[in-house]
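One structure is given below, encoded as structure tokens.
In my numbering, the protein residues as written are 642 to 866.
Below, the structure written as structure tokens:
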């Protein structure tokens, strides 16, 4: 890279330096604008630095988990359901909100896999963490890899309702799922992240983290120590 006169050099960073860090700014005021069923719209005034203060509206969200359930044939268990804001029937990976009080993400993920896909897994790892829209929401999502899959016993099957009552399930080869992502026919962010991460894992270029790895992007599950 070349630099013009008076232009500061742009540093080059490696893996060990590319780390998002917590930054707690002083909150001067907090106002609830609208409380919804799952999400809450709030307005906060905070001190950016020195005498600079800003006001921002954003959505408070409990966060979510996504499960990339992979079988021994390198197929992903995918589901299709209606998403009203998008007005679409969307192919996704099993997923759900972290809205059970006191439940950890690594407990929530198996629950969602059982409820949405009628499956249980014996082996769990963390694939990827994402802050869905950091400029406008606290929503954080963790994508898990689940292997060693078996069906939920008939007696323990979850009775799905609302949009989940229409869920369809299918096994999709990973290479076909990747092709769908780049063809622009799969849009769900959790599905896109999970599919591409699993593809990297199968290529041998992704080091898995434990299922209970610290989750820096989630305010309730971060471990800054």
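For glycine and all other residues, C-beta sits at the position ideal for the given N, C-alpha and C.
Apart from sequence neighbours up to five positions away, the residues of its chain that approach residue 791 with a beta-carbon distance below 6 Å are 761, ordered along the chain. Within the region 710-736, the complete beta strand (DSSP E) segments at least 3 residues long are 716-724 and 729-733, listed from N- to C-terminus. Per the Cβ contact rule, the region 745-759 is in contact with the region 700-713 (3 or more Cβ pairs under 8 Å).
The three-state reading of DSSP puts residue 798 in coil, since its state is none of H, G, I, E or B. 8 Å or more divides the Cβ of residue 689 from the Cβ of residue 700. Counting along the chain, no beta strand (DSSP E) covers residue 747; the unbroken alpha helix (DSSP H) around it starts and ends at 746-758. A distance below 8 Å between beta-carbons, with the five flanking residues on each side excluded, links residue 667 to the following residues of its chain, in chain order: 687 and 688. Distances from the alpha-carbon of residue 716 to those of 826, 852 and 816 put 816 closest.
Here DSSP, grouped into helix, strand and coil, assigns residue 844 to coil. Taking 8 Å as the cut-off, the Cβ atoms of residue 801 and residue 856 do not count as close.
In its chain, beyond the 5 residues on either side, 721 and 723 have a beta carbon closer than 6 Å to the beta carbon of residue 730. Every beta strand (DSSP E) of 3 residues or more that sits fully in the region 660-720 is shown, in chain order, as 668-676, 681-690, 693-701 and 705-710. The DSSP assignment places 815-824 as complete runs of the alpha helix (DSSP H) inside the region 806-838, in order along the chain (cut-off: 4 residues).
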